[in-house]
Amino acid sequence: MAHISASVYTSHVPAIGATIDLGKTTEPYWRPVFAGYDYSRQWFKDHTPDVIFMVYNDHATAFSLDLIPTFAIGTGAEFAVADEGFGPRPVPTVIGHPELASHIAHSVIQQDFDLTIVNKMPVDHGLTVPLSLVCGQPTRADFHWPCPVIPFAVNVVQYPVPSGQRCFQLGQAIRRAVESYDQNLKVQIWGTGGMSHQLQGARAGLINRQWDNAWLDQLIADPAATARTPHIDYVREAGSEGIELVMWLIARGAMADVAGGPKPKVKHRFYHVPASNTAVGHLILENT
Ligand code: DHB
Ligand code: FE
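The C-terminal position of the sequence shown is numbered 1052 in the working numbering, with every residue numbered one higher than the one before it.
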């Protein structure tokens, strides 16, 4: 049977992608950001899964106001790297896992979650920046990501967006789906986006270190309580784009302890301000 071995959580900032792509990760502003991922890159090499189930958000790249799926699962064989205005990032095409993705779609829809099934979509910085940060940037000589990735896009851009509670329950359904797949696959689930940031309006630039860190403490220790955090708290405390954090609750809901198993091991925790307009948060939790 397939199983979820670990969950990885990280912010996604377009400027982080540009910094990697332009070879500027050792510049003084950026060095502390990337230092927070040194452990993670080694950990990922030592624990490369068969598949990453990547919960991320599209930023009006593949979708627009024409079409706004709340939850969209990528069942295609591959996903092109999006052009977000400066040409596509120089990173490999994302290879999917159509068989597992289709199984998860079937199982999760049967568990009463409505998913949009997507066979073709370009993936933006929301997906590729976390991959570059944690897997390392693929070199020209070895130009592929280390494993297939199932993209799972969540609408956190256009209201109404899904609640933390719904995301947490969806994570539990995804775990059941993975565990009912009859091949022995090691699956990591990643939750991305956040932490506090606001890109627009009178409070643009808002960062809330105290709230972010308390939220991380609770996400680790008592995710069911975190799931009850209402939208308005995210927006008020973590800024309009802080709502991206509900995606972390999908990954956290898929961990074993939520279904009565043992607590996960905290393998790594990192927090840094600033990276562009964003507070960067990062966690690695392993099922034991
Ligand atoms: C920034 C952060 C984001 O999450 C995003 O999607 C775009 C920009 C930023 O900090 O600049
Ligand atoms: Fe974003």
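Every residue, glycine too, gets a C-beta built ideally from N, C-alpha and C.
Check: Those residues, in chain order, that have a beta-carbon closer than 7 Å to some heavy atom of the ligand FE; Outcome: H776, N821, H823, G890, G957, E1005 and E1008
Check: T1042 Cβ short of 6 Å to the ligand DHB heavy atom set; Outcome: yes
Check: Contact under 7 Å by Cβ, P926 with T880; Outcome: no
Check: Residue range of the unbroken alpha helix (DSSP H) whose run includes M1011; Outcome: V1010 to G1017
Check: Beta-carbon gap between V898 and G838 smaller than 7 Å; Outcome: no
Check: Beta-carbon contacts of H961 that lie in its chain and below 6 Å, excluding the five residues immediately before and after; Outcome: G1003, E1005, N1041 and T1042
Check: Separation of Q974 from H823, as counted between CA atoms; Outcome: 27 Å
Check: Any non-hydrogen atom of the ligand FMN within 6 Å of P856 CB; Outcome: For the structure depicted, the ligand FMN is absent and the ligand set comprises only the ligand DHB and the ligand FE.
Check: Residue interval of the alpha helix (DSSP H) (run including L891); Outcome: H889 to C899
Check: R853 (DSSP reduced to helix, strand or coil); Outcome: coil
Check: Among V918, G928, G900 and W807, nearest to V855 - alpha-carbon criterion; Outcome: G900
Check: Heavy atom of the ligand DHB within 6 Å of H961 beta-carbon; Outcome: yes
Check: Inter-residue spacing [alpha-carbon to alpha-carbon] between F843 and D906; Outcome: 18 Å
Check: The beta strand (DSSP E) enclosing H767, as first and last residue numbers; Outcome: H767 to T774
Check: CB contact flag (A1020, G955, <7 Å); Outcome: no
Check: Straight-line gap, V872 to V913 (C-alpha atoms, nearest Å); Outcome: 18 Å
Check: Backbone CA spacing between I816 and V1037 [nearest angstrom]; Outcome: 27 Å
Check: Which of helix, strand or coil DSSP assigns to Y1035; Outcome: strand
Check: Segment contact flag, the segment 1026-1035 with the segment 788-795, C-beta cutoff 8 Å, min 3 pairs; Outcome: no
Check: Test item: CB-CB of S775 and V1044 under 7 Å; Outcome: yes
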